[in-house]
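Just add 379 to the spot in the sequence shown (first one is 1) and you have this note's numbering. Every residue gets a Cβ at the ideal spot worked out from N, C-alpha and C, and that includes glycine. Please read all numbers here as calculations on a predicted model, not as lab measurements. Here is the structure we will look at, set down as structure tokens.
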Amino acid sequence: MKRRNHLCLIVTTMGTLFLLMVVLYGSINSQQLETSGLKPDYRLLGRPLYKLDINWPKYPELFSGEVFGVAVNQYAGVVYVAQRGETVPKVLVFTTDGEFLQAWNTSTLEMPHGIFLADAATNPTVWVTDVGNGPYGHSIKQYSPSGKLLQVLGSMGEAGSGVNPLQFDQPAEIFVHSSGEIYIVDGDGGINNRLIKLSKDLEVQWMHGEKGQGLAQFYIPHSVAVDNYQRVWVADRGNKRIQVFNSVTGDWLGTWGSCFNEDAPYSVRLTPDQKYFVVVQLNTNQISLLEAPPVGVIGQCQVVSVIQLAEDVKPHLVDLDLKTGALYVAEIGAQQAQKFTPFSLGTGFLQDG
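Here it is in structure tokens:
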């Protein structure tokens, strides 16, 4: 009897110590967050795949406008952040470690919306969609890494729906494939509701351009990404769905809608291993990871993990570091960009080789 009581006492004591350790760890973790100036204002639901890097960037006070987009050069270790505001620099440049490098004080950008880093390995350039209504708006611009304007797609300052020459009306996002082919979703609430594919030589290859709820029709197409299996994924924001197309022919392949009953998808990107889609829902303040379907099968969307952000953070567009798998999120409401890192760096998210 005494031996049994002794064992019970040991078990109870160990259990109490374990609970104290859990409470102490949580307290220390919260203190670290508060000391860094950030609050523990997010929750992980489902499989925990990402965690917040509270040390990125090192000088968050540099964000001075509404942050709309992010783009990562995984080879140079550089992150470009697009923001809006009358007197703010339109692009801020940080390292992936959080150091501030420079600001673009270019006068050729009015209201940046989407931003994309192309040809990262050999000749990196930064593409920015401009939804402004002034003399530089309704266009897509290509810049050097230091912010020098290289070329313009579309007729600056002229909203339109032409394809020869190209005219845009509030173009939302651009995706430049490694082949040099370009995919554009146009527009962000304007007269156009189009998905356009251009060749490397800027010739129109195919286009879907009808407004509506039917197959291959759009209502505010907002984000576009291309996977490794000749499939184009479009966040059809106004219709609360993602539509899928063959990148070569433009043929419609399928639709995902069941995951977006509460809020529309605003951004769509793939993890480096092509296993998950990262999808942002602005109004519910969520970043969801969806299981990517195998080749030849679209099926129904399956949510694997959710990062639930605090109220009014308003995540808008995302990008991923294709070397480390780190996720960068542009947040309009919080007026900041944040970095999330995979729980297991080097396993599951990284590209082979």
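Ser578 versus Gly568, Gly559, Val623 and Asp567, residue with shortest Cα-Cα distance: Out of Gly568, Gly559, Val623 and Asp567, Gly559 has the C-alpha closest to the C-alpha of Ser578.
Let's test the definition: count the other Cβ atoms within 10 Å of the Cβ of Glu478 and tell me whether it reaches 16, buried, or not, exposed. Flag for Glu478 reads exposed.
Out of Ala551, Leu706 and Phe639, which one is the CA nearest neighbour of Gln679? The shortest Cα separation from Gln679 among Ala551, Leu706 and Phe639 belongs to Phe639.
Closest to Ile553 by C-alpha separation, out of Gln530, Ser540, Lys520 and Asn543, would be which residue? For Ile553, the nearest C-alpha among the options comes from Lys520.
Could you tell me the alpha carbon to alpha carbon distance between Gln462 and Gly593, rounded to whole angstroms? Here the alpha carbon of Gln462 sits roughly 34 Å from the alpha carbon of Gly593.
Between which two residues does the beta strand (DSSP E) harbouring Arg620 extend? Looking at the DSSP string, the run of the beta strand (DSSP E) that includes Arg620 is Arg620 to Asn625.
Alpha carbons only, please: which of Val623, Arg610, Asp606 and Val583 is nearest the one belonging to Phe597? Closest by C-alpha distance to Phe597, out of Val623, Arg610, Asp606 and Val583, is Val623.
Close Cβ partners of Ala455 (< 6 Å) along its chain, the five nearest in sequence each way excluded: Contacts found: none.
Ser646 beta carbon less than 8 Å from that of Ala614: Closer than 8 Å, so yes.
When the distance is taken between beta carbons, is Val505 closer than 8 Å to Ala733? Within the shown structure, residues of the chain are numbered from 380 to 732, placing residue 733 beyond reach of any answer.
Determine the closest residue to Asn650 out of Ala671, Leu661, Asp642 and Gly633, with distance taken between C-alpha atoms. Here residue 650 turns out to be Thr, not Asn, going by the sequence shown. Of the candidates Ala671, Leu661, Asp642 and Gly633, the one whose C-alpha sits nearest the C-alpha of Thr650 is Ala671.
Given a threshold of 16 other Cβ atoms within 10 Å of its Cβ, counted over all protein chains shown, does Gln714 qualify as buried or as exposed? Buried: at least 16 other Cβ atoms inside 10 Å.
What separation, rounded to the nearest whole angstrom, lies between the Cα atoms of Ile433 and Leu581? Cα to Cα, the separation comes out at about 41 Å.
So for Lys648, helix, strand or coil by DSSP? The amino acid at residue 648 is misidentified as Lys; the sequence shows Arg. Correct three-state label for Arg648: strand.
Under a three-way DSSP split, which group does Arg616 fall into? Reduced to three states, the DSSP call for Arg616 is helix.
Exposed or buried, what is Asn543 when buried is set at 16 or more other beta-carbons lying within 10 Å of its beta-carbon? So Asn543 ends up on the exposed side.
Using the Cα positions of Gln682 and Ser486, report the straight-line distance between them to the nearest angstrom. According to the sequence shown, residue 682 is Val rather than Gln. Within the model, the alpha-carbon separation for Val682 versus Ser486 is close to 41 Å.
Classify Glu489 as buried or exposed, calling it buried when 16 or more other Cβ atoms lie within 10 Å of its own Cβ. Its Cβ being crowded by 16 or more others within 10 Å, Glu489 is buried.
Return the CA-CA distance between Tyr707 and Phe719, expressed in angstroms with no decimal places. Rounded to whole angstroms, Tyr707 to Phe719 spans 6 Å at the Cα level.
What residue ranges within the segment 693-728 form continuous beta strand (DSSP E) runs of no fewer than 3 residues, ordered along the chain? Complete beta strand (DSSP E) runs here, min 3: 694-699, 706-710 and 715-721.
Beta strand (DSSP E) runs wholly inside the segment 483-568, at least 3 long, in chain order: As far as the segment 483-568 is concerned, its whole beta strand (DSSP E) runs of at least 3 residues are 491-497, 504-509, 518-522, 528-532, 550-555 and 561-565.
Let me confirm a value: Arg573 is counted as buried when at least 16 other C-beta atoms fall within 10 Å, else exposed. Which label applies? With a threshold of 16 other beta carbon atoms within 10 Å, Arg573 meets it and is buried.
Once DSSP output is grouped into helix, strand and coil, what is the label at Leu441? Three-state result, Leu441: helix.
Which listed residue (Ala500, Leu669, Val685 and Ile575) has its alpha carbon closest to that of Pro427: Residue Val685 is the option with its Cα nearest to Pro427.
Rounded to the nearest angstrom, what separates Pro491 and Gly464 at their Cα positions? Straight through space, the alpha carbons of Gly464 and Pro491 are spaced by roughly 10 Å.
Ordered along the chain, which non-local residues of its own chain (more than five positions away) have a Cβ less than 8 Å from that of Leu398? Only weak support exists for where Leu398 lies, its pLDDT of 35 falling under 50; the value from the coordinates is given anyway. Around Leu398: no qualifying Cβ.
Write down the C-beta distance between Thr501 and Asp700 rounded to the nearest angstrom, noting that I regard them as a contact closer than 8 Å. The Cβ separation is near 18 Å, so there is no contact.
Do Leu545 and Leu528 have their C-beta atoms closer together than 8 Å? Pairing Leu545 with Leu528 gives a Cβ-Cβ distance that is not under 8 Å.
Can you name the residues that DSSP bridges to Leu428? Its beta-bridge partners do not exist; DSSP assigns none.
Could you check if Leu661 is buried or exposed, using at least 16 other CB atoms within 10 Å of its CB as the buried criterion? With 16 or more Cβ atoms within 10 Å of its Cβ, Leu661 is classed as buried.
In the DSSP assignment, what are the bridge partners of Tyr459? The beta-bridge partner set that DSSP reports for Tyr459 consists of Ala450 and Val472.
Give the DSSP bridge partners of Ile575, in chain order. According to DSSP, which records beta bridges pairwise, Ile575 is partnered with Ile563 and Met586.
Do you know how far the Cα of Val564 is from the Cα of Ser602? Roughly 7 Å between the two C-alpha positions.
Let me know the beta strand (DSSP E) ranges lying completely inside the segment 651-693, each 3 residues or longer, listed in chain order. At a cut-off of 3 residues, the continuous stretches assigned as beta strand (DSSP E) that sit fully inside the segment 651-693 are 655-660, 665-670 and 682-688.
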